[in-house]
Amino acid sequence: MSTFDPDTLTARQEELESAMGEPGFWDDQQQAARISTEHARVSRRLERYGRLDSEVGEARELYELDPSLEDELRGQLEPVVAELARLQEDALFDGKYDVGDAVVSINAGTGGTDAQDWAEMLLRMYLRWSSDRGFQTELIEASPGEEAGLKSATMTVKGENAYGAYKAERGVHRLVRQSPFDSAHRRHTAFAQVVVAPLLPDDEDVEIDESDLRIDTYRASGAGGQHVNKTDSAVRITHLPTGIVVQCQNERSQISNKATALRILKSRLAELQEEQREEELARERGATTQDIGFGSQIRSYVLHPYQMVKDHRTDFEVGNAQGVLDGDLDGFVRAYLLAKAAGKVV
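Counting from 1, position 63 in the sequence shown corresponds to residue 69 in the numbering used here; the numbering is continuous, with no gaps.
Quick look at the structure:
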């Protein structure tokens with residue numbers, strides 16, 4: 007299992023600084039940019055660790071001088087403990103794309119209007135969680151449901167470890183509640199699927215055969231001003247060999263929407279390769295891979311007859327379902343990352 011090791015990070019920082027000091031370092035711009043980015047990331051982690059270690063040391067000294075301050079110091083250290091946990095979590099992001107940005111798609115599944123409403127609830131949950139973690143989000147596409155909610159939505163999430171964190175959310179999410187769309191208020195079950203892919207940098211090369219693509223244009227739905235109601239600016243691209251469909255409607259220009267959709271398609275194809283690699287590793291370990299079909303949920307959100315959110319991969323559960331829907335997902339993500347590092351989940 008990965009752990010936070012300041013000595014190893016310091017050694018890596020020195021290696022990167024040595025590489026940056028080599029003659030001709032900037033001759034290869036892409037390689038130089040990658041090394042510079044990693045150096046900045048490693049330096050930030052070491053700076054955070056040093057600051058937190060100093061705060062803990064100062065609190066220890068104050069306690070030794072006056073043990074009656076224990077309760078006050080314990081309260082002051084709560085945010086420090088939380089940040090140390092996040093720093094420890096950072097060490098678990100060891101995949102090829104984990105430290106980078108993400109593309110997150112939410113698709114309504116079985117459950118009719120309730121499923122479409124559930125998709126919109128999940129989008130709200132992830133927007134709040136992203137904000138809490140300091141990620142930047144941009145909604146690329148949102149297709150409204152017939153009566154309420156969303157048929158689908160896609161957003162980009164930018165920030166350090168965005169993809170590594172959001173990987174814990176990919177799969178089918180199940181909601182159980184009294185339906186607001188049922189006049190008798192009977193209990194309904196709805197499903198939505200979350201698809202997560204790394205948002206590839208512009209210099210990442212993923213080969214796509216143009217003959218494998220079907221490109222459709224259509225009028226953007228929902229809010230967007232006069233322009234989107236009069237022109238077919240939205241773009242939908244279907245990758246025929248895999249059946250992957252991506253669409254973009256947030257730009258005013260059809261050309262811009264097509265470029266964004268192609269970038270998302272490349273990201274989805276890269277994610278498909280990652281999933282295949284993980285499945286192969288799982289087979290080598292003798293583990294079973296997660297079926298992402300509807301009905302094989304990774305997590306259940308029960309709002310009636312009791313409140314509970316439970317992750318079926320790790321058995322981590324929380325009784326405050328509303329808190330989770332308001333974006334309190336860190337416990338679920340950390341439990342998944344630890345289980346994955348231990349080889350218990352794919």
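From the three backbone atoms N, C-alpha and C, an ideal C-beta is built for every residue, glycine too.
{"query": "Exposed or buried, what is M354 when buried is set at 16 or more other beta-carbons lying within 10 Å of its beta-carbon?", "result": "Nothing can be reported for residue 354: it is not among the residues displayed for the chain, which extend from 7 to 352."}
{"query": "Using alpha carbons as the reference points, say which of L344, R192, E147 lies closest to V252.", "result": "E147"}
{"query": "Our contact map puts E286 next to V352 with C-beta atoms below 8 Å; I'd like the distance itself, whole angstroms only.", "result": "Contact doesn't hold; Cβ gap of about 10 Å is too wide."}
{"query": "Could you tell me which residues DSSP pairs with P150 in its beta bridges?", "result": "L156"}
{"query": "Just to confirm before moving on: does the CB-CB distance between L58 and E89 stay below 7 Å?", "result": "yes"}
{"query": "Could you compute how far the alpha carbon of D13 sits from the alpha carbon of L22?", "result": "14 Å"}
{"query": "Do L98 and L343 come within 7 Å of each other at the CB atom, strictly closer than that value?", "result": "yes"}
{"query": "Short of 8 Å in beta carbon distance, which residues of its chain neighbour L83, apart from the five on each side in sequence? Order them along the chain.", "result": "E61, V62, A65"}
{"query": "Using a Cβ-Cβ cutoff of less than 6 Å, which residues in the same chain neighbour V308 once the five nearest sequence positions on both sides are dropped?", "result": "V182, M314"}
{"query": "Three Cβ pairs or more, each shorter than 8 Å: is that satisfied between the stretch 253-266 and the stretch 197-217?", "result": "no"}
{"query": "Leaving out the 5 sequence neighbours to the left and right, which residues in its chain are closer than 6 Å to R18 when beta-carbon positions are compared?", "result": "V48"}
{"query": "So for I270, helix, strand or coil by DSSP?", "result": "helix"}
{"query": "According to DSSP, G177 sits in a beta bridge with which residue or residues?", "result": "V200"}
{"query": "For V234, which three-state DSSP category applies?", "result": "Caution applies to V234, whose pLDDT of 40 falls short of 50 and renders its modelled position unreliable; the value that the coordinates give is listed next. It is helical."}
{"query": "According to DSSP, is A114 helix, strand or coil?", "result": "strand"}
{"query": "Check T248 in the structure and name its three-state DSSP category.", "result": "coil"}
{"query": "Per DSSP, V241 forms a beta bridge with which residues?", "result": "T223, C254"}
{"query": "Under the rule that 16 or more other beta-carbon atoms within 10 Å means buried, what is Q36, buried or exposed?", "result": "exposed"}
{"query": "Taking the beta carbon of G106 as the centre, do at least 16 other beta carbons fall within 10 Å, making it buried, or is it exposed?", "result": "buried"}
{"query": "Please list, in chain order, all residues of the same chain as R192 whose beta carbon is under 8 Å from its beta carbon, the five residues on each side excluded.", "result": "Q184, S185"}
{"query": "Would you say the stretch 239-247 touches the stretch 126-136, given that touching needs at least three Cβ pairs under 8 Å?", "result": "no"}
{"query": "Using a Cβ-Cβ cutoff of less than 7 Å, which residues in the same chain neighbour P247 once the five nearest sequence positions on both sides are dropped?", "result": "D218"}
{"query": "For Y132, which of helix, strand or coil comes out of DSSP?", "result": "helix"}
{"query": "Can you give the Cα-Cα distance for N235 and L15, rounded to whole angstroms?", "result": "Confidence is the limiting factor: at N235 the pLDDT is only 42, short of 50, which leaves the residue's position unreliable and the question unanswerable from this model."}
{"query": "Taking Y224 as the reference, give the member of E257, G249, I214, E216 with the closest Cα.", "result": "E257"}
{"query": "Look up A171 in the DSSP assignment and say whether it is helix, strand or coil.", "result": "helix"}
{"query": "Just the Cα atoms here: how many angstroms apart are G177 and S158?", "result": "15 Å"}
{"query": "Anyone know if the C-beta pair for A196 and A121 falls short of 7 Å?", "result": "yes"}
{"query": "Determine the direct distance from the alpha carbon of R80 to that of E70, and round the result to whole angstroms.", "result": "13 Å"}
{"query": "Could you tell me whether the Cβ atoms of I243 and L271 are closer together than 7 Å?", "result": "yes"}
{"query": "Considering just the uninterrupted stretch of the beta strand (DSSP E) at V308, what are its terminal residues?", "result": "305-308"}
{"query": "Straight-line CA distance for A265 to K350?", "result": "38 Å"}
{"query": "Tell me A108's beta-bridge partners as DSSP assigns them.", "result": "V163, P204"}
{"query": "Which class does V351 belong to by DSSP, given the choice of helix, strand or coil?", "result": "coil"}
{"query": "Looking at the structure shown, is K102 part of a helix, part of a strand, or coil, going by DSSP?", "result": "coil"}
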